[in-house]
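Q: Just so it is clear: in the sequence shown, position 208 is 207 by numbering that gives the first Met the number 0, and no numbers are missing.
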Amino acid sequence: MFGSIFILSSIVSNAVEIEYWQYTYKARVEAVDKLIANFEKANPGITIKHTNFPYADYRKKVAIAISSGDGPDLVQLYYGWLNDYRDSGLIQPLPKDAFSHSKIESDFFKMVSSMKVDGEYWGLPTAVRSLALFYNNDLLKEAGLSGPPETLDDLVDYAKKLTKRDASGNMIQEGLAFDGGIGQTHHFWREVLVRHYGGQPYSDDGQKITYNNDAGVKALTYLTDFEKTHKTTSNGFMNRGQDGFAAGKVGLYIDGSFRISKFVKAEGLNFSISELPGHNGTRYNFSSFWANALSSKAKGEKKEAAAKFLAYLTSDEAMQIWLDTVGELPAKPSVALVDANKQHELYGPFIRGLDYATATTFISEKPQRQSVVDAYDMVVLQGMSPKDALAKVAKKEQELLDDFFGN
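#1: To test your reading of the DSSP string, which unbroken alpha helix (DSSP H) runs of 4 or more residues are found completely within the region 251 to 291?
#2: Taking the DSSP output, what are the residues bridged to Q21?
#3: Tell me the DSSP secondary structure of K386 in three-state form.
#4: Mapping DSSP to helix, strand and coil, what is V15?
#5: Less than 7 Å between C-beta atoms, sequence neighbours within five positions excluded: which residues of the same chain meet that for I4?
#6: According to DSSP, is S294 helix, strand or coil?
#7: If you measure between the beta carbons of A218 and L34, is that distance less than 8 Å?
#8: Can you give me the Cβ contacts of D137 inside the same chain, cut-off strictly under 6 Å, excluding the 5 residues immediately before and after it?
#9: So for R368, helix, strand or coil by DSSP?
#10: With a threshold of 8 Å, are at least 3 pairs of Cβ atoms found where one atom belongs to the region 125 to 136 and the other to the region 286 to 296?
#11: Do V379 and E413 have their beta-carbon atoms positioned less than 8 Å apart in this structure?
#12: By alpha-carbon positions, which one of R239, A388, G70, A166 ends up nearest to F52?
#13: Taking the alpha carbon of K391 as the point to measure from, which residue in R58, V28, Y210 has its own alpha carbon closest?
#14: Where does V337 sit, in a helix, a strand or coil, going by DSSP?
#15: With burial defined as no fewer than 16 other Cβ atoms inside 10 Å of the residue's Cβ, what is the status of D213: buried or exposed?
#16: Taking only runs that begin and end inside the region 84 to 146, name each unbroken beta strand (DSSP E) of 3 or more residues, in chain order.
#17: Rounded to whole angstroms, how far is the Cβ of Y22 from the Cβ of I47, which I believe are closer than 8 Å?
#18: Look up M377 in the DSSP assignment and give the residues it is bridged to.
#19: Contact check, A388 vs M377 under 8 Å by CB: the rounded distance?
#20: So the beta strand (DSSP E) L73 belongs to, where does it begin and stop?
#21: Measure from the alpha carbon of F107 to the alpha carbon of each residue in W188, L123, A97, then state which is nearest.
#22: Under the DSSP definition of a beta bridge, which residues are partnered with Y201?
#23: In this structure, how does DSSP classify Q172 when only helix, strand and coil are distinguished?
#24: Tell me which residues share the same chain as K60 and place their Cβ nearer than 7 Å to its Cβ, disregarding the 5 neighbours each side in the sequence.
#25: Could you give the distance in angstroms between the alpha-carbon of K109 and the alpha-carbon of D96?
#26: So the alpha helix (DSSP H) A306 belongs to, where does it begin and stop?
#27: Should L154 be labelled buried (16 or more other beta-carbon atoms within 10 Å of its own) or exposed?
#28: Would you grab the beta carbon distance between H407 and V371 for me? Rounded to a whole angstrom, and I think it's under 8 Å.
#29: Touching or not, the region 230 to 246 and the region 145 to 163, by the rule of three or more beta carbon pairs under 8 Å?
#30: Quick one: using the 10 Å Cβ neighbour count with 16 as the cut-off for buried, is D402 buried or exposed?
#31: Which of the three DSSP states, helix, strand or coil, is assigned to D152?
#32: Would you check if the region 165 to 172 and the region 245 to 257 touch, i.e. whether three or more CB-CB distances between them fall below 8 Å?
#33: Could you pull the DSSP bridge partners for V249 from this structure?
#34: Per the DSSP calculation, P329 is bridged to which residue(s)?
#35: With burial defined as no fewer than 16 other Cβ atoms inside 10 Å of the residue's Cβ, what is the status of D204: buried or exposed?
#36: Smallest Cα separation from P348: which of T359, L328, S333, P366?
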């Protein structure tokens, strides 16, 4: 456990209550409740108040509460929000005496280094994410398909064979579900498709857009063709891709391991999971995570108690509990890569995908995500060419980067 590795600089001496905030997601709430119960049993002087809010309201509530001196002592944030939280003064660096940088860098997956800015770590995750392909076994069998698609070309072929329409031409079964540019689709385009076609989304230092080229155009064409040309995808079919897949009306769906908990509870759903299809003998993936950070309001014994709980949240024990409860992958190879996890029929494809995954270095995740959403909509809804759509969104996103880096 991390508590035995990260030695806290002092011991919480009196009874203290701290607040932990995250967004509302049933499995994640259940996992945190389990971890709090374990922690409070081992630390009777510390009580943790666990609060969660709907995702749509979460960032606003965190910002208002901490800015007014209220709210959480320990807060969960998406790694792509780090600069926004730092610039707004919502979080503080992790104390180096409690969280050794050398231990972080030796114990965690490399992607966690994105939480280090200006020589300080600003948070740590319990779990990390990658993408994989969910597929409906019954629908594949009905379509005469055996096993998952192995290549990008196979993915197109499978999607066509899995799509069904009624006599009026209305889609009644979706071959491959994409939620436009939202959900995981923008990550799939940026870190998987662009790289498969020989490019990369940003320069190595993160200061320049590098997707506005032939590789980016080919990647956007491939993505939008599912809806525009192949007619195997219908944005909004059964509301969201995850809903259609859970209902047994979608053949193929790309998402993170956190979706497993929903699908295993879907009555009558017979599904399997595979690694993402490759292309020309290579594979790429996207990785991300939610981190736990000390809020700027945490001071004195509350800060000490929050740091102690964070140490437990990043322990081997907590990571395994999180995997078993939520389905998100342990943030340390020592936990993730044990054979029982790596070869697991559901978690295994995601864990193996970490070997070739890239975590995008976001300046501000929301507007950068919107770039892909807008490009997708320009092509599918407005009839713009992928080349022109990319040129338009790349110009706007480059202005965002220039403003941040002072270029």
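Ideal Cβ placement from N, Cα and C applies to all residues, glycine included.
A: Let's see:
#1: Those alpha helix (DSSP H) runs which fall completely within the region 251 to 291 and span 4+ residues are 259 to 262.
#2: Position 22 of the sequence shown holds residue 21. Bridge partners of Q21: N51.
#3: Against the sequence shown, residue 386 aligns to sequence position 387. Residue state for K386 is assigned as helix, using DSSP reduced to three classes.
#4: Here residue 15 refers to the residue found at position 16 of the sequence shown. If DSSP states are grouped into helix, strand and coil, V15 belongs with the strands.
#5: Numbered from 1 along the sequence shown, position 5 holds the residue referred to as residue 4. Unreliable positioning characterises I4 in this predicted model, as indicated by a pLDDT of 39, which lies under 50. The coordinate reading is nonetheless provided below. In chain order, K102 place their CB closer than 7 Å to the CB of I4, counting only its own chain and leaving out the 5 sequence neighbours on each side.
#6: The residue labelled residue 294 in the question sits at position 295 within the sequence shown. In the displayed model, S294 falls within a strand according to three-state DSSP.
#7: Walking along the sequence shown from the start, residue 218 turns up at place 219. Walking along the sequence shown from the start, residue 34 turns up at place 35. No, Cβ-Cβ distance for A218 and L34 is not below 8 Å.
#8: Numbered from its first residue, the sequence shown carries residue 137 at position 138. Excluding positions up to five away in sequence, the list reads N269.
#9: Working through the sequence shown from its first residue, we reach residue 368 at position 369. R368: helix per DSSP, three-state reduction.
#10: With a cut-off of 8 Å, the region 286 to 296 and the region 125 to 136 count as touching, because enough Cβ pairs lie within range.
#11: No statement about residue 413 is possible, as the shown extent of the chain runs from 0 to 406 and does not include it.
#12: Numbered from its first residue, the sequence shown carries residue 52 at position 53. Among R239, A388, G70, A166, the Cα nearest to that of F52 belongs to G70.
#13: Working through the sequence shown from its first residue, we reach residue 391 at position 392. Selected option, being the one with the closest Cα: Y210.
#14: Locating residue 337 in the sequence shown gives position 338, where the first residue counts as 1. Three-state DSSP puts V337 in coil, outside helix and strand.
#15: Position 214 of the sequence shown holds residue 213. Label assigned to D213: exposed.
#16: Inside the region 84 to 146, DSSP marks whole beta strand (DSSP E) runs of 3 or more residues at positions 123 to 128, 130 to 135, from first to last along the chain.
#17: In the sequence shown, counting from the first residue as 1, residue 22 sits at position 23. In the sequence shown, counting from the first residue as 1, residue 47 sits at position 48. That belief does not hold up - the Cβ atoms of Y22 and I47 are roughly 17 Å apart, past 8 Å.
#18: Walking along the sequence shown from the start, residue 377 turns up at place 378. None; M377 has no bridge partner.
#19: On the sequence shown, residue 388 is found 389 positions in, with the first residue counted as 1. On the sequence shown, residue 377 is found 378 positions in, with the first residue counted as 1. Contact annotation, A388 with M377: C-beta distance approximately 4 Å; criterion of less than 8 Å satisfied.
#20: Translated into the one-based positions of the sequence shown, residue 73 becomes position 74. 73 to 77 is the span of the beta strand (DSSP E), which, as asked, contains L73.
#21: Residue 107 sits at position 108 when you count from the first residue of the sequence shown. Ranking the options by Cα distance to F107, first place goes to L123.
#22: By one-based count along the sequence shown, residue 201 stands at place 202. For Y201, which the question treats as bridged, DSSP gives the partners I208.
#23: Numbered from 1 along the sequence shown, position 173 holds the residue referred to as residue 172. Annotated three-state conformation of Q172 is strand, per DSSP.
#24: Your numbering for residue 60 matches position 61 in the sequence shown. F52.
#25: Counting from one through the sequence shown, the residue named residue 109 turns up at place 110. Counting from one through the sequence shown, the residue named residue 96 turns up at place 97. Computed Cα separation, rounded: 21 Å.
#26: For the purposes of this step, residue 306 is taken as residue 307 along the sequence shown, with counting starting at 1. DSSP places A306 inside the alpha helix (DSSP H), whose first and last residues are 299 to 312.
#27: As a first step, residue 154 must be located in the sequence shown, where it is residue number 155. Taking every protein chain shown into account, the CB of L154 has 16 or more other CB atoms within 10 angstroms, so this residue is buried.
#28: Any property of residue 407 remains undetermined from this structure, which presents the chain solely from 0 to 406.
#29: Cβ pair count under 8 Å is three or more, so yes.
#30: Taking the sequence shown and counting its residues from 1, one reaches residue 402 at position 403. Around the beta-carbon of D402, fewer than 16 other beta-carbon atoms lie within 10 Å, marking it exposed.
#31: The sequence position of residue 152 within the sequence shown is 153, counting from 1. Of the three classes helix, strand and coil, the one that applies to D152 here is helix, per DSSP.
#32: Contact holds: three or more Cβ-Cβ distances are below 8 Å.
#33: Here residue 249 corresponds to residue number 250 of the sequence shown, with the count starting at 1. DSSP links V249 through a beta bridge to E173.
#34: Stepping through the sequence shown from its first residue, residue 329 is reached at position 330. Per DSSP, A126.
#35: Stepping through the sequence shown from its first residue, residue 204 is reached at position 205. By the 10 Å Cβ count, D204 comes out exposed.
#36: Numbered from its first residue, the sequence shown carries residue 348 at position 349. Residue L328 holds the alpha-carbon nearest to the alpha-carbon of P348 among T359, L328, S333, P366.
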